[in-house]
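Participant:
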Amino acid sequence: MTPEELFWDLVEPTLTDPAVTRSTMMGLPCVRHHGRLFAALDTRNQTLVVKLPQEQVAQLIAQGVGEPFAPAGRTFREWVALPAPDQPLWQRLLDEARAFATTPTTC
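Going by this note's numbering, the first residue of the sequence shown is number 111, and it counts up by one from there.
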């Protein structure tokens, strides 16, 4: 299964919620919860990109699980890129990113 297929397989069940919609972010396919971005697939390098609390992003990067998401050289501190397709990890972080998108502090 390609990373893109895995991304859509994991995202598909969330699309039954009317609050979750397909969209784009900087030309990348993504999903939003009530309009708030929470996950995307970087089609240039086939990585999952999720929005999480800054501290969690730093931890994932320090552990070597994720990489900074830095399109055009600007690092997004609440976004992390996950280069290795890992179904359980991607599922967990997609769920956490969606939950993070529902908190009022992520506006």
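Where is the CB? At the ideal position from N, CA and C, for every residue including glycine. In this text the structure is predicted, and so the values were computed from the model without any measurement.
Check D127 in the structure and name its three-state DSSP category.
Facilitator: coil
Participant: Determine, using beta-carbon pairs with one atom in the segment 126-140 and one in the segment 169-179, whether at least three such pairs fall under 8 Å.
Facilitator: no
Participant: For L147 versus W200, is the C-beta distance shorter than 9 Å?
Facilitator: no
Participant: For D127, does the count of other Cβ atoms within 10 angstroms reach 16, so buried, or fall short, so exposed?
Facilitator: Exposed, because fewer than 16 other Cβ atoms sit within 10 Å of the Cβ of D127.
Participant: One question on the structure: do D152 and F179 come within less than 9 Å of each other, judged by their Cβ atoms?
Facilitator: yes
Participant: CB-CB under 6 Å to L203, same chain, minus the five flanking residues each way: which ones, in chain order?
Facilitator: V160
Participant: How many Å lie between W189 and P113 at the Cα?
Facilitator: 18 Å
Participant: Can you tell me which of T213, P214, R208 puts its alpha carbon nearest to the alpha carbon of P123?
Facilitator: R208
Participant: Would you give the residue range spanned by the alpha helix (DSSP H) that L162 belongs to?
Facilitator: Looking at the DSSP string, L162 is not in any alpha helix (DSSP H), and its letter there is neither H nor E.
Participant: Consult DSSP for D205 and reduce its assignment to one of helix, strand or coil.
Facilitator: Three-state DSSP puts D205 in a helix.
Participant: Please report the straight-line C-alpha distance between W118 and C140, rounded to a whole angstrom.
Facilitator: 10 Å
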